[in-house]
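Everything below concerns the one structure shown next.
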Amino acid sequence: MKASIQYNTMNGLWILFIDCKYEDSPKYIRMITKIIIKMLSGTVIPGNRRRVRSGRHYLIHEHVVELHTDEWFPLVLASERKELLEGIKSIFLDMSGKK
0 MKASIQYNTM NGLWILFIDC KYEDSPKYIR MITKIIIKML SGTVIPGNRR RVRSGRHYLI
60 HEHVVELHTD EWFPLVLASE RKELLEGIKS IFLDMSGKK
């Protein structure tokens, strides 16, 4: 599994790609959600405050993190804060390496 962070100039967001097998993505989605909600004290953003309709949106210390999944890129997280995504990536890789 590989994870990389890139900047998307089209929408001004940092993107964390977690390249994993599609069949493993439900397990990793649960792990990412646990990191965001339990470890980083994030909260779910209701539909009317989201940037886009698709995906799951969370608020972590006044910053939005979007979690998107599809067939081609099983896990994609987006945020305006690169440091936030780097922290999630680090925790995720530590947790997935132990299992």
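Per numbering that gives the first Met the number 0, residue 0 is the first one in the sequence shown, and the count goes up by one each step. Here a beta-carbon is modelled for each residue, glycine too, at the ideal position from N, C-alpha and C.
Residue i classed as buried or exposed, judged by whether at least 16 other C-beta atoms fall within 10 angstroms
| i | result |
| --- | --- |
| H56 | buried |
| Y21 | exposed |
| S40 | exposed |
| Y27 | buried |
| E61 | exposed |
| T42 | exposed |
| V51 | exposed |
| P73 | buried |
C-beta neighbour in chain D for residue i, strict 8 angstroms
| i | result |
| --- | --- |
| S95 | Of the protein chains in the structure, only one exists, and it is not chain D. |
Where residue i sits in the DSSP three-state scheme
| i | result |
| --- | --- |
| K20 | coil |
| I90 | helix |
| I4 | strand |
| I36 | helix |
| R29 | helix |
Among the options, the one whose alpha carbon lies nearest that of residue i
| i | options | result |
| --- | --- | --- |
| M9 | A77, S53, M30 and C19 | A77 |
| L83 | L58, G46 and D93 | L58 |
Short Cβ contact (8 angstroms threshold) for residue i with residue j
| i | j | result |
| --- | --- | --- |
| E79 | L12 | yes |
| M0 | S95 | yes |
| N63 | I35 | Reading the sequence as shown, one finds Val at residue 63 and not Asn. Against a cut-off of 8 angstroms, the Cβ pair of I35 and V63 comes out as no contact. |
Span of the beta strand (DSSP E), counted from its first residue to its last, around residue i
| i | result |
| --- | --- |
| E61 | Element bounds for E61: n/a, residue is neither H nor E. |
| S78 | L74 to S78 |
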